[in-house]
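In what follows, a structure is listed as structure tokens, so that the remarks can point back to it.
Residue numbers (this note's numbering): 7 to 705.
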């Protein structure tokens with residue numbers, strides 16, 4: 007895979023279009039508002055993203071995860087990647103699709119029926135509608151049964167997406183490992199996207215949720231599909247749900263054993279409890295339990311049913327005592343089309359506590375009601391029961407925030423405060439319970455205090471439409487959001503437009519904001535024109551990592567050494583969470599480069615601190631520690647900067663990776679712990695912010 011092809015404007019634009027046309031609705035509902043703002047300045051934003059990629063200055067972000075209940079009682083993780091992470095992941099999937107299209111074509115709709123690539127190859131739709139291939143899967147199953155293959159082995163995989171090897175996935179495309187730098191970078195990104203925490207990065211797993219991942223999973227399984235096909239085995243697959251057919255029990259069992267070997271060779275884990283060989287007496291029995299399908303596409307236009315028609319269909323898919331859903335596909339179909347109805351609502355309220363996996367469907371049906379005491383009482387009852395799924399509780403808090411009367415809000419307030427203490431477990435819960443608490447504050451039932459400052463960046467972005475007006479002031483939440491993650495920037499920019507607030511009203515200047523943020527503000531009409539400055543990636547990284555001011559002076563200061571310093575800083579950032587000692591060594595190297603160039607900068611302008619030489623009489627560089635020593639020329643001119651950087655440098659010298667023993671006392675040197683790392687980070691922030699202000703005062 008050529009780097010230029012991966013990061014071309016055409017590929018990034020196609021990736022963006024495919025993200026927007028994807029049917030992964032549970033993932034997209036978290037990002038729709040951000041997509042809209044990003045789209046308003048799409049050309050500029052994609053060019054800026056490409057420039058970062060070309061300069062190797064772009065780094066991926068770890069996802070946040072929400073866990074959606076499954077019928078089994080377990081949960082399915084959905085990884086919420088950042089907007090630009092989604093674009094880059096889809097760009098990778100685009101390349102995979104082009105490279106594998108010919109091989110994949112041999113199995114599509116003959117043995118493999120999931121995530122079929124759309125045509126033509128540059129279509130803005132990545133895969134065909136799932137209904138088309140899902141129906142073909144069932145038809146092929148019936149055909150194989152009709153041909154006399156009555157013995158069926160049902161085969162499933164455990165944690166399919168989580169066990170996909172990054173090395174093997176990339177080797178499918180490039181067996182000879184051409185362009186190794188590109189592939190190493192892709193594998194590094196996949197490692198970040200596979201983990202919600204920096205400490206748990208692995209070399210396997212792809213994020214569930216983005217449409218790109220669905221095809222990457224297919225690409226990983228393709229060698230198995232092709233090998234099974236060579237053996238002449240009668241086999242059909244929908245994602246990781248597989249049927250193996252045979253005329254006899256031995257035929258089906260032998261096929262299952264071969265498939266197990268092939269899967270284990272690629273690190274996949276068959277589900278022993280779900281493997282079964284049985285003789286089917288009918289095509290329906292051969293189908294067995296059908297694969298999971300996407301939720302109903304609730305955002306499409308559809309005809310609303312009559313009360314009687316909806317009730318009749320609902321009765322055909324819910325049965326028993328207590329009442330249960332027996333046909334999930336039909337149930338979803340009805341719920342997204344059923345009208346406001348007392349009789350239907352009665353059944354829905356009975357089903358609500360028993361089917362957490364259908365919470366999105368219930369929420370869609372409750373959309374028929376502006377207010378309903380019956381619904382609110384039912385929601386309170388479910389919450390009071392201690393319902394264990396954070397995602398479900400978050401959805402119920404959203405409903406209560408919208409439908410509850412002040413009296414009902416007050417009744418639920420104690421429970422909400424308890425959930426608010428646990429909201430970091432799930433961004434879905436955080437989003438819902440904070441929406442509820444903001445509504446309570448509007449009703450003067452409570453005060454949310456500093457809770458918004460403590461929210462995760464994604465949760466804060468999702469809450470942007472509910473943020474109180476008091477937070478649109480200098481130094482408050484919205485000002486920090488405009489300098490936060492991309493999603494926060496997009497959300498805050500939209501709110502400035504909606505509420506008619508200017509940057510000056512927040513005491514902010516354009517130079518403090520990222521390029522994408524400025525483009526968004528311009529496209530939304532919040533600012534009239536953009537100040538033309540070359541993007542300073544070092545400034546953006548320092549602001550993001552250390553929360554200092556985003557003053558773009560580093561290109562001017564570092565000059566020809568800018569790229570070298572940037573690469574050191576990128577590596578330092580990557581180590582911050584997972585290896586604090588390595589971070590300190592790399593950050594100290596960055597500081598070293600900055601101080602040496604700063605001294606030359608000061609000398610050229612005849613400023614204090616610049617008369618100190620950085621090269622000795624022997625032609626060797628003066629040791630960095632000596633440049634910072636108290637009483638020296640530089641330290642005298644800039645005592646605060648020198649003191650902070652010296653603390654960092656001296657701590658680096660006392661790492662076991664630098665020296666095993668302390669030079670002064672001979673004691674064993676110790677590794678850097680996280681609390682001490684945070685102290686060092688504050689020293690770095692203080693020193694570099696001071697240096698930036700010096701350059702601003704002395705251009």
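Just so it is clear, CB atoms sit at the ideal spot from N, CA and C, and this is done for glycine as well.
Which residue comes first and which comes last in the alpha helix (DSSP H) that contains residue i?
i, result
"residue 217", "217 to 236"
"residue 603", "586 to 610"
"residue 81", "Not the alpha helix (DSSP H): residue 81 falls in the beta strand (DSSP E), residues 81 to 86."
"residue 261", "255 to 271"
"residue 13", "Looking at the DSSP string, residue 13 is not in any alpha helix (DSSP H), and its letter there is neither H nor E."
"residue 547", "543 to 552"
For the beta strand (DSSP E) that residue i lies in, which residues bound it at each end?
i, result
"residue 677", "Element bounds for residue 677: n/a, residue is neither H nor E."
"residue 240", "240 to 244"
"residue 250", "247 to 252"
"residue 72", "70 to 75"
"residue 627", "Taken as a continuous stretch (DSSP letters only), residue 627 belongs to no beta strand (DSSP E), as it is neither H nor E."
"residue 158", "157 to 164"
"residue 338", "No beta strand (DSSP E) contains residue 338, which is instead part of the alpha helix (DSSP H) from 334 to 341."
Between residue i and residue j, what straight-line distance do the alpha-carbon atoms span, to the nearest angstrom?
i, j, result
"residue 492", "residue 88", "8 angstroms"
"residue 50", "residue 26", "18 angstroms"
"residue 524", "residue 119", "44 angstroms"
"residue 655", "residue 689", "11 angstroms"
"residue 24", "residue 389", "38 angstroms"
"residue 558", "residue 401", "42 angstroms"
"residue 543", "residue 93", "19 angstroms"
"residue 82", "residue 437", "19 angstroms"
"residue 667", "residue 657", "12 angstroms"
"residue 530", "residue 111", "44 angstroms"
"residue 517", "residue 536", "10 angstroms"
"residue 571", "residue 565", "10 angstroms"
"residue 44", "residue 55", "12 angstroms"
"residue 563", "residue 598", "14 angstroms"
"residue 545", "residue 171", "35 angstroms"
"residue 357", "residue 405", "17 angstroms"
"residue 158", "residue 106", "30 angstroms"
"residue 407", "residue 684", "38 angstroms"
"residue 349", "residue 80", "31 angstroms"
"residue 343", "residue 313", "10 angstroms"
"residue 484", "residue 550", "16 angstroms"
"residue 354", "residue 593", "57 angstroms"
"residue 302", "residue 579", "The predicted position of residue 302 is uncertain, since its pLDDT is 44 and thus under 50; no value can be drawn from it."
"residue 477", "residue 500", "15 angstroms"
"residue 510", "residue 165", "50 angstroms"
"residue 232", "residue 85", "30 angstroms"
"residue 661", "residue 679", "11 angstroms"
"residue 13", "residue 192", "12 angstroms"
"residue 620", "residue 627", "6 angstroms"
Compare the Cα-Cα distances from residue i to each of the options and report the closest residue.
i, options, result
"residue 169", "219, 522, 440 and 534", "219"
"residue 48", "570, 496 and 699", "496"
"residue 629", "616, 652 and 610", "652"
"residue 160", "634, 605, 250 and 370", "250"
"residue 289", "226, 234 and 152", "152"
"residue 703", "96, 607 and 521", "607"
"residue 30", "180, 214 and 677", "214"
"residue 447", "475, 260 and 465", "475"
"residue 360", "384, 575 and 464", "384"
"residue 167", "247, 128 and 113", "247"
Going by the beta-carbon positions, is the gap between residue i and residue j smaller than 9 angstroms?
i, j, result
"residue 1", "residue 285", "The first residue shown for the chain is 7 and the last is 705, placing residue 1 beyond what the model contains."
"residue 147", "residue 253", "no"
"residue 188", "residue 9", "yes"
"residue 451", "residue 461", "no"
"residue 382", "residue 421", "no"
"residue 40", "residue 162", "no"
"residue 512", "residue 472", "no"
"residue 174", "residue 273", "yes"
"residue 584", "residue 547", "no"
"residue 634", "residue 600", "no"
"residue 99", "residue 227", "no"
"residue 464", "residue 433", "yes"
"residue 132", "residue 179", "no"
Three or more beta-carbon pairs under 8 angstroms between the region 638 to 649 and the region 687 to 703, yes or no? yes
Using 8 angstroms as the Cβ pair cut-off and three pairs as the minimum, do the region 234 to 248 and the region 106 to 126 touch? yes
Using a Cβ distance threshold of 8 angstroms, determine whether the region 389 to 398 contacts the region 28 to 35, with at least three qualifying pairs required. no
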